[in-house]
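Residues 1 to 336 in the UniProt record's numbering are what the sequence shown spells out, letter by letter.
All residues carry an ideal CB built from backbone N, CA and C; glycine is no exception.
Below: the structure, in structure tokens.
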Amino acid sequence: MEKRIALVTGANGEVGHLLLGKLAAGNYEVVALDLNDLDQTLSGFVKKFYKGDITDEALLSSIFQNEHIDIVFHLAAVLSTSGEKNPELAHHVNVGGTLNILKSANTISQASKKKITVIYPSSIAVYGLPDLVTKNSASFIGEGQFTNPITMYGINKLYGENLGIYFEKYYKLLEKSQERYIDFRCIRFPGLISAVTVPSGGTSDYAPEMIHTAAQGQGYESFVREDSVLPFMAMPDAVKALLLIADAQKEKLTQNVYNVSSFSVSAKEIAEIVLKVFPETMIGYNPDPARQRIVDSWPSNVNDTTARRDWSWSPDYDIKKAFEEYLIPEITKKYS
Ligand SMILES: NC(=O)c1ccc[n+]([C@@H]2O[C@H](COP(=O)([O-])OP(=O)(O)OC[C@H]3O[C@@H](n4cnc5c(N)ncnc54)[C@H](O)[C@@H]3O)[C@@H](O)[C@H]2O)c1
């Protein structure tokens with residue numbers, strides 16, 4: 001079978017670190033783009049690497065013209081905490097970059113009359129629960145509920161979802177003969193935990209930070225309360241979801257935007273698991289009011305029934321397996 005040529009933006013980030021190898025081992029040739037140099041460990045998975053900015057129109061246009069891209073994994077983004085530190089930059093990258101990808105892909109796909117699939121990782125940050133009482137009483141939130149985000153990142157992601165749908169279904173609505181060639185597929189991820197990389201700039205980072213610092217023999221002070229609950233997912237499952245939705249038959253997809261879920265856990269429960277493995281570590285709680293407010297606005301769990309039905313989504317890692325078979329052994333190995 002002919003290989004699909006995949007453009008991965010933000011390829012040097014946490015998701016990219018696992019995705020690139022999986023793509024290269026599968027039916028893909030990888031073209032990568034990032035603002036920063038690509039990690040040397042990843043260069044063997046990539047046919048061509050572009051160092052540059054996702055908002056650079058000339059760069060994107062030349063990549064689409066030269067590389068015959070079939071599918072885009074649009075990972076480049078400024079995440080939630082970084083976005084609150086610099087909301088204008090977040091808007092520029094998250095909205096401007098996404099528009100640039102969709103516009104460049106659309107231009108070339110219309111000219112060549114060839115569909116380009118755009119895979120867009122969104123986030124539970126698109127949700128905005130008004131208060132803790134509502135968060136604690138609302139369970140298994142569906143894609144259409146509580147989409148009132150309170151962060152610039154959440155607002156950007158929700159808009160990016162709608163922008164993708166617009167390019168697939170409605171672009172230049174007034175032009176009757178307009179043919180549309182974008183196939184837009186989006187997954188709303190919970191907090192992702194990787195054994196390979198330490199996150200920066202997210203608001204669910206307390207979970208991975210707790211594990212990574214304990215494995216390095218350091219104590220950790222959580223920036224959220226111990227009773228804070230969020231849905232999380234082990235990174236291999238996030239990559240599995242991206243590959244599954246990329247391979248799904250379009251006719252089976254009843255919507256463009258899908259929740260996926262794996263396990264929900266409180267900060268205290270994560271600390272207890274970590275303390276069992278690294279009993280000498282110290283974990284304390286010193287909630288940062290702003291970051292706590294963001295976490296309190298995100299759901300404890302989401303309903304992913306439609307992803308399970310439409311493209312056979314199911315996670316391989318529940319909480320026990322995520323810690324016992326992935327996070328603890330891999331992270332211990334990394335720092336030993
Ligand atoms: N990590 C999570 O917990 C999580 C959860 C939900 C959704 N997501 C989404 O998944 C995607 C990947 O997340 P991640 O954890 O790998 O993020 P990350 O922050 O680890 O990586 C983002 C990458 O994008 C690059 N980048 C930033 N601005 C850029 C620009 N202007 N031009 C080109 N590259 C740029 C960065 O250099 C970085 O390598 C993002 O879209 C994110 O919103 C992540």
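Hey, is the region 207 to 221 in contact with the region 165 to 183, meaning 3+ C-beta pairs nearer than 8 Å?
no
Beta carbon of Ala322: closer than 7 Å to some heavy atom of ligand 1?
no
Heavy atom of ligand 1 within 7 Å of Ser123 beta-carbon
yes
Output the residue ranges of the alpha helix (DSSP H) runs that lie fully inside the region 233 to 267 and measure 4 residues or longer, sorted by chain position.
235 to 247
Please work out which residues of its chain come closer than 7 Å, Cβ to Cβ, to Asn148, disregarding the five sequence neighbours upstream and downstream, and give them in chain order.
Gly128
Check each candidate in Pro315, Ser222, Thr281 and name the one with the smallest Cα separation from Tyr240.
Residue identity check: residue 240 is Lys in the sequence provided, not Tyr. Checked all of Pro315, Ser222, Thr281; the closest Cα to Lys240 is Pro315.
Decide if Asn66 is buried, meaning its Cβ has at least 16 other Cβ atoms within 10 Å, or exposed.
exposed
Verify whether the separation of the beta carbon atoms of Thr55 and His91 is less than 8 Å.
no
Just to confirm, does Ala76 get its C-beta within under 7 Å of one of the non-hydrogen atoms of ligand 1?
yes
Do the CB positions of Ile319 and Val265 come within less than 8 Å of each other?
yes
If you draw a straight line from the C-alpha of Tyr166 to the C-alpha of Val118, how long is it?
When rounded, the distance between both Cα atoms is 12 Å.
Examine ligand 1 and report whether any of its heavy atoms sits within less than 7 Å of the Cβ of Val224.
no
Tell me whether Lys157 sits in a helix, a strand or coil according to DSSP, three-state version.
helix
Just mark Pro329 as buried or exposed, buried being the case when its beta carbon has 16 or more other beta carbons within 10 Å.
Pro329 is exposed by the Cβ-count criterion.
Is Asp53 close to chain D? Criterion is C-beta to C-beta, closer than 8 Å.
No chain D appears in the structure shown, which is made up of a single protein chain.
Indicate the three-state DSSP secondary structure (helix, strand or coil) for Val198 in the structure shown.
coil
In whole angstroms, what separates the C-alpha of Glu143 from that of Val257?
CA-to-CA, the gap between Glu143 and Val257 works out to about 7 Å.
Beta carbon of Thr332 nearer than 8 Å to that of Ala215:
yes
Based on DSSP bridge pairs, tell me the residues matched to Pro231.
Pro231 is bridged by DSSP to Ser264.
Under the three-state reduction of DSSP, which class applies to Thr147: helix, strand or coil?
coil
Which of the three DSSP states, helix, strand or coil, is assigned to Arg188?
strand
Tell me which residues share the same chain as Gln110 and place their Cβ nearer than 7 Å to its Cβ, disregarding the 5 neighbours each side in the sequence.
Glu179, Tyr181
Mapping DSSP to helix, strand and coil, what is Ile331?
helix
Cross-strand partners of Thr213 (DSSP beta bridge)
Thr213 is not bridged to any residue.
Just confirm the distance between the C-beta atoms of Lys85 and Val126, as a whole number of angstroms; I'd bet it's less than 8 Å.
Not quite, the Cβ-Cβ distance comes to about 20 Å (not below 8 Å), so this is no contact.
Here's the rule I'm using: 16 or more other beta-carbon atoms within 10 Å means buried, otherwise exposed. How should Pro130 be labelled?
exposed
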